[in-house]
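Inspection log for the structure reproduced underneath, given as C-alpha cells.
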Amino acid sequence: MKPALTVGILTAAPSGARAFRSGGRYRRLARHGLQENIFVYAVLPEWIDVDRRTYQAVPLFLDGDPKRVTLSAFDVIYNRLPTPELEAKHRRLLAELSVLTGGAVFNPRFIDKWTQYVRFAPLRPRLHLPHTERLTAPEDVRRWIGGPFYVKPVSGRMGDGVAFVREDGGTFWVVGTKTRRRYADAGALAQALFQEARRRPMLLQRAVRRVFLDGAAVDLRVLVQKRSGGRFRLTGIGARVGRPGAPTTHVPRGGRIAPVRPLLETLFSPAEAARIVERTRFQALIAAEALDRTFGLRLGELSFDFALAEDGEPWLLEANAKPMAFDETAIERRWRTAFFDTVRHFAAAGRAHRPGGGPRGPGGGGPRASAGSGRRPNGAEADAAARGDGRPPEGPVKTVPPGEARP
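Using my numbering, the first residue of the sequence shown is number 10, and each one after it goes up by one.
Below, the structure written as C-alpha cells:
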C-alpha cells in the first residue's frame, strides 16, 4: 500500500460552499483520495496556529456534515484561496506554510495577465502569442487603431471586463459581454478606455483572425497537471463556442461546450483536426514549463485558453494558475486521478526540503511528530518563501528546449 498522506485545501469559502458540500467537487475528490490512501481536509486561514503547529480542519472524506478536527501537520497544502485580494491578505501565512512543508504548497498565487505575457514572450515563435501592451495613456489606444483588438483587465476571471474594439466606417464600437458602446471618433474612444484603465489596470491585446462557427468564435481550453518526476502532462482539452458577436467564449458569459474532435472536424479535415490537438498540447506544455520555472517549480496545475485561428493555429490568450472546474465530466474525472499524483510529487519534494530534514510519519489524521525543528519560521525564511511563492524574478524567463515539452 502507498504511504498515507494528508492534504489541506486552503480556502476562504464557508463550510457550506457548494464545492465542499456533500456531492460537491472537493468532497468527490476526497472520496477518490481514500483509494490512494490520501486524506483530504478543508482548512481556513483563521483555523491555523503557526506558533503551536495546530490546524483546525474539516475531513472532507467523511459522509454527512463532519466537524472540525485538530491536526499537527499537513504533508501538502493545496492553495485555493479564491481571490488575489485574499492571497495578499494571507501572504505571510502562505510563506510560513511553505517553509513548514518544505515548499509543498501549490499553487502559490494567481498570476496576472501582464506577468504571463512577459514570461511567455521569449517562447516565440514556438508559442503563438497575440501582441499585448499595457494601457497607460490615451496615446496607447490611438496607436492600436487600424485593426481590431481587445481590452481586458490585468486581473480578471471568466471574461469579466473583456471587450472587443472594432472600427466600422469611422465609428468605433466597444462590445462587452453585456454592453455595446459607440464612439464617434478615435479621441473619444481613447479617452473612454483610458478612464477605465485608471480605475482598473487594463491591457490591449491584438485580435486573432479567428475561425468562426455560425458567426461564433471557437476557443480551446486546456488543462495540464504536474505528475511524478515534476513534469507536466496533458489532462484534457475542451472546446468552447461563444455567442455570435460576443467577445468571449466563457460558459458563464453565454458560451457553450462542444466535443473537441467533432467540432474541429466540422471546421477542418480529420488530419488537420489531429494536428491542431497535438499543436495545442505542445504549446500548453511549453507554456506550463516556462511559467513553472518562473515561480520556483511550485505550480501543480494550469489551464490555458487558446483562440483558434482561421488557419487552425492555436493562439495562447491567457493562463489560469487556479483552474476552475471543467464542464466536461471526463476531464474532471481525469483531474481527480492526476491530482493525487501531483500531491505525491510535492510531498516527496517537501520531505527533502522541510526544516530539520528527513521524512516524518505517514498520515496526519492523528497524533504525529511535529515537522522540522519545532520553531516558527524566522523572518528571513518567511520572506524568502514569500518571494518564491509571489513575485517572479526580474528579466526574461528561461526558455524550454523542445525536448522538455514532451509529457
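Every residue, glycine too, gets a C-beta built ideally from N, C-alpha and C.
None of the values given here were measured: they were computed from a predicted structure.
Simplified DSSP assignment, three categories, for residue i
i    : result
G370 : Unreliable placement is indicated for G370, whose pLDDT of 37 sits below 50; the coordinate value is still reported in the next sentence. In the structure shown, G370 sits in coil (DSSP, three-state: anything other than H, G, I, E or B).
D194 : coil
V250 : strand
T289 : helix
F115 : strand
L106 : helix
E319 : coil
D301 : helix
V163 : coil
R36  : helix
Cα-Cα separation, residue i to residue j
i    : j    : result
T351 : G155 : 46 Å
V163 : E341 : 28 Å
V184 : R77  : 48 Å
F83  : F115 : 13 Å
A254 : P75  : It is Gly, not Ala, that sits at residue 254 in the sequence shown. Whole-angstrom Cα-Cα distance: 47 Å.
R270 : A216 : 25 Å
F173 : R207 : 19 Å
A357 : V85  : 10 Å
E96  : P279 : 44 Å
G321 : G247 : 16 Å
A282 : V127 : 30 Å
L213 : Y192 : 18 Å
P54  : R236 : 27 Å
N- and C-terminal bounds of the beta strand (DSSP E) containing residue i
i    : result
W324 : P323 to N329
L14  : L14 to L19
T79  : V78 to L80
V269 : It is not in any beta strand (DSSP E) - V269 instead sits in the alpha helix (DSSP H) that spans V269 to L276.
T180 : T180 to V184
First and last residue of the uninterrupted alpha helix (DSSP H) at residue i
i    : result
W123 : K122 to F129
T346 : T338 to H362
W153 : P147 to W153
E142 : Run containing E142: none in the alpha helix (DSSP H); it sits in the beta strand (DSSP E), T141 to R143.
K5   : No information on residue 5 is available, as it lies outside the stretch 10 to 416 that the chain covers here.
V171 : No alpha helix (DSSP H) holds V171; DSSP gives it neither H nor E.
Contact set for residue i: own chain, Cβ-Cβ below 8 Å, skip 5 residues either direction
i    : result
L38  : V49, L69, R345 and F348
A195 : V150, R151, I154 and F181
L222 : V250, L272, T275 and L276
Residues near residue i in its chain [Cβ-Cβ closer than 6 Å; skip 5 each side]
i    : result
F203 : P147
Y64  : V52, I57 and L80
V227 : V220, V250 and L317
L308 : N116 and D301
N329 : S312
L138 : F129 and L325
I120 : A330
_Completely contained beta strand (DSSP E) runs for the segment 40 to 66, where each covers 3 or more residues_ = 47 to 52
*asked:* Could you tell me which whole alpha helix (DSSP H) segments of length 4 or greater appear in the segment 199 to 246?
replied: none
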